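Going by the working numbering, 53 is the number at position 48 of the sequence shown; the sequence numbering is gapless.
Structure first, commentary second.
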Amino acid sequence: MNNAQRDAAHWSATKGLMIKMLAIWAVFAFVIHFFAAALNGIVILGFPLGFYMAAQGSLIVFVAMLFWFASAQDKIDREHGVAEE
């Protein structure tokens with residue numbers, strides 16, 4: 006595989022990961038909050054679920070996404086021979 010093919014394969018894998026991450030981000034940034042009123046009927050530890058998802062749940066998911074993205078991108082970089090040592 007020449008450099009151009011390797012670069013194209015690397016970018017394709019990176020783009021796929023980026024699209025997945027943006028989709029998950031959009032769900033937890035917007036879609037969950039659209040249903041906050043309906044989620045408020047469920048109470049966890051004395052707090053309505055809609056409030057919990059807006060105040061804490063989304064932030065926890067975003068931090069978890071950062072670690073997952075870094076790990077997945079490192080794996081892609083190593084598979085295509087462009088990882089940093």
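Glycine is no exception: its CB is placed at the ideal position from the N, C-alpha and C atoms.
Quick caveat: nothing in here was measured; it's all calculated off a predicted structure.
- The Cβ atoms of Met26 and Met70 sit closer than 9 angstroms to each other.
- Going by beta carbons, Trp30 and Phe72 fall outside the 9 angstroms limit.
- Per DSSP, reduced to three states, the secondary structure at Phe40 is coil, with no helix or strand assignment.
- Look at Ile47 here: in three-state DSSP terms it is coil, with no helix or strand label.
- When only Cα atoms are considered, Gly51 and Ala43 end up about 16 angstroms apart.
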